[in-house]
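Asks:
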Amino acid sequence: MNLFRGDRYKYPDMPKPSVEETTDLSSKAITISDDFNPKPNANRDGYTNYGDKEIIVGEDFKSNLPLVIIDTKGQEPERGVMWDNEKGYHVITDEDPYAYGDITVIDGKNGVNSPKDSPTVTSLCKLKIRGNSSGTYDKKQYLLKLIDDKGKSNKENILGMGSESEWILNVSFIDKSLIRNFLAYTTASQIMPYTPDAKYCEVLFKDENGYKYEGVYMMIEKIGVSKNRVDLPSYSENTSITPALLRRDRYNINDIMLENYGTVNGLTYGYIGIEYPDKDIISDKGIENIQNQIDRFEKALYSEDWSEFEKYRQYIDMDSFVDYFIINEFFLNYDAGYNSTYMYMDYSGKITMGPVWDFDQGIDNDPRNSANLNTTAFQSAPWFDKMLKDPIFTKKIIERYEELRKSILSDESIEKFVNDVVEYLGPAIDRDWARWGYYYVYGNYLSTGLDSTENRNTRTYEEEIDRILNVLSKHGDWLYNRMDSLYQFKAMSLEDTESLINATRGNYGSHLAVVFVAVFVISIKLVLRYESE
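Okay, so the sequence shown: first residue is 1022 according to the numbering used here, each after it adds one.
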């Protein structure tokens, strides 16, 4: 995961695309006929009756991207969860969802890769389908665990992202551009620490007839705690503060879910679970430490007494909340804050937002809700809805966004980077569309726009890229000109708030002065007494 850099407000250079010719799959493209049904089950976006169709390639397959080849000897990975209507959340099934096999990563230096090339990484592995909603899509994403011959974790450095044993193969089926997550992660990595690294690849599953071509994916770091990911101190029971990685999401019966002040009193959405320390090692005291720290923050944040409310600032890294707000609002990623929302604490005990996660429905790609580009929506997210009572927080958002909009979030910067990514993906885009284009073109999974006439469903890759750039440009401009509209949520004027802060600092300074004088006087008396003796 990326840490802060000194000159970080610009995009990194993309690898230069290969000039060597790669495989053309247009003759094998999956096309639709009269039997195509984009929604065989009502309200199931991303699930069609064409999910079992295949494109088979051979050893002569050539890609301009790294290759990830998985051989499970015919065993199919499963989801391992099912929805329980009575409980209102997903529960784990009794069956082992993992398929076991081998993984081969091929990433040659010449920019063209083939199954017959020498591998860069090989390992035994197990993988399962991941995602509550996306787990039902035709194009699956996978949780991948590298193991040794005894079933133990096997850390490998995959595509230069550091040695780890758990990875995610991800690109959402409902993102026909293939770039939403990559663009957002790359942007966030220049602004916030510990943003997951992501590298493009093409995925092949070994088959008795060759290889099943599964399309363009991203190999992504799984959010977790380690030297190469979120770098937190090792767990110890002998401290009053417990460093932790937390996640707000739906209820998960298999995790430690906090009974924190906001959740118990119905003040916030969802539940906060402990991702780290692991539930097998954390003690009741450790859980209590974490819950107490969240409670202190939430009791201040939800207080009606201003003198109590403003104490919330003591318990958080406010700059991280500012950046988290801006990144998710800019990319119109309105599931963030509610689900897949990560935060962490070190020994300071301060709550820090991040890493960011999951932007596949961002940039006006929510199937059911068209984005309004001329407003903000992230102010409704848990915690942020109350923090905006504080004009100090709002002022920080406005000033920070102005800085970022003039650099990495500018239209020019984003358009150049997007064009560089599209150029790098090159013919891999056409291969992915040969495999999944039946849904990209005919799925019609996006509802109409706000005026009920705008059709958000593009038909070509170029149209979707243009739509992304247009959405970000319009929303980015509105935010630059109207971010001060967030002041409508303030509970006190900015001037009065700053006066209170200055007064508090003045009192604090006076107290320090009194203490200093007292210490000085006592010191003089002690010296005089010593000399008189």
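We put the CB at the ideal spot given by N, CA and C, even for glycine.
All of these numbers come straight from a predicted model, not from anything done at the bench.
I'd like to check one pair, Ile1244 with Tyr1363: are the Cβ atoms closer than 8 angstroms?
Replies: yes
Asks: Could you say if the stretch 1196 to 1206 and the stretch 1485 to 1504 meet the contact criterion of at least three C-beta pairs nearer than 8 angstroms?
Replies: yes
Asks: Quick one: any contact between the stretch 1307 to 1327 and the stretch 1346 to 1360, if contact means 3 or more CB pairs under 8 angstroms?
Replies: no
Asks: Quick one: what's Ser1184 bridged to in DSSP?
Replies: Secondary-structure assignment with DSSP links Ser1184 through a beta bridge to Asn1178.
Asks: What did DSSP end up calling Leu1533 once you bin it into helix, strand or coil?
Replies: Because the pLDDT of Leu1533 is 49, which lies under 50, any placement of that residue in the model is unreliable, and the question is left without a value.
Asks: Reducing DSSP to helix, strand and coil, say where Gly1294 ends up.
Replies: strand
Asks: Flag this pair as yes or no: are the beta carbons of Pro1217 and Ile1241 separated by less than 8 angstroms?
Replies: Contact flag set, yes.
Asks: Round the Cβ separation of Thr1397 and Lys1511 to the nearest angstrom and send it over; I've been treating them as touching at under 8 angstroms.
Replies: 14 angstroms between Cβ atoms; not a contact.
Asks: Looking only at its chain, what residues have a beta carbon closer than 8 angstroms to the beta carbon of Asp1034, apart from the 5 residues adjacent to it on each side?
Replies: Asp1441
Asks: In the DSSP assignment, the alpha helix (DSSP H) including Ala1449 goes from what residue to what residue?
Replies: Pro1448 to Tyr1463
Asks: From this set, Val1246, Tyr1221, Asn1390 and Met1408, which residue's C-alpha is nearest Gln1335's C-alpha?
Replies: Across the set Val1246, Tyr1221, Asn1390 and Met1408, the C-alpha of Met1408 shows the shortest separation from the C-alpha of Gln1335.
Asks: Name the DSSP bridge partner or partners of Asp1270?
Replies: DSSP lists Tyr1292 as partners of Asp1270.
Asks: Would the beta-carbon of Asp1326 fall within 8 angstroms of that of Tyr1282?
Replies: no
Asks: Leaving out five residues on either side along the sequence, give the residues of the same chain with a beta carbon under 6 angstroms from the beta carbon of Ile1051.
Replies: Lys1074 and Tyr1459
Asks: How do the stretch 1183 to 1191 and the stretch 1338 to 1345 stand: do at least 3 beta-carbon pairs fall below 8 angstroms, yes or no?
Replies: no
Asks: If the criterion is Cβ atoms closer than 8 angstroms, does the pair Gly1101 and Pro1118 meet it?
Replies: yes
Asks: So, Lys1417 versus Phe1330, is the Cβ gap smaller than 8 angstroms?
Replies: No Cβ-Cβ contact shorter than 8 angstroms links Lys1417 with Phe1330.
Asks: Assuming contact is defined by CB atoms lying nearer than 8 angstroms, are Ser1428 and Tyr1030 in contact in what I supplied?
Replies: yes
Asks: Within this structure, are the beta carbons of Tyr1365 and Leu1279 separated by less than 8 angstroms?
Replies: no
Asks: Secondary structure at Val1223, three-state DSSP: helix, strand or coil?
Replies: One point to set straight first is that residue 1223 is Glu, not Val, in the sequence displayed. In the structure shown, Glu1223 sits in a strand (DSSP, three-state: E or B).
Asks: For Thr1125, does the count of other Cβ atoms within 10 angstroms reach 16, so buried, or fall short, so exposed?
Replies: buried
Asks: Arg1026 to Thr1069, Cα distance in whole Å?
Replies: Residue confidence is low: Arg1026 scores 44 on pLDDT, short of 50, so the model does not pin down where it sits. Its coordinate-derived value is still stated next. About 44 angstroms.
Asks: Give a yes or no on contact between the stretch 1499 to 1515 and the stretch 1206 to 1225, applying the rule of three or more CB pairs nearer than 8 angstroms.
Replies: no
Asks: Please tell me whether Ile1413 and Thr1518 are closer than 8 angstroms, where the distance is taken between their beta carbons.
Replies: yes
Asks: Within 10 angstroms of its Cβ, does Ser1048 collect 16 or more other Cβ (buried), or is it exposed?
Replies: exposed
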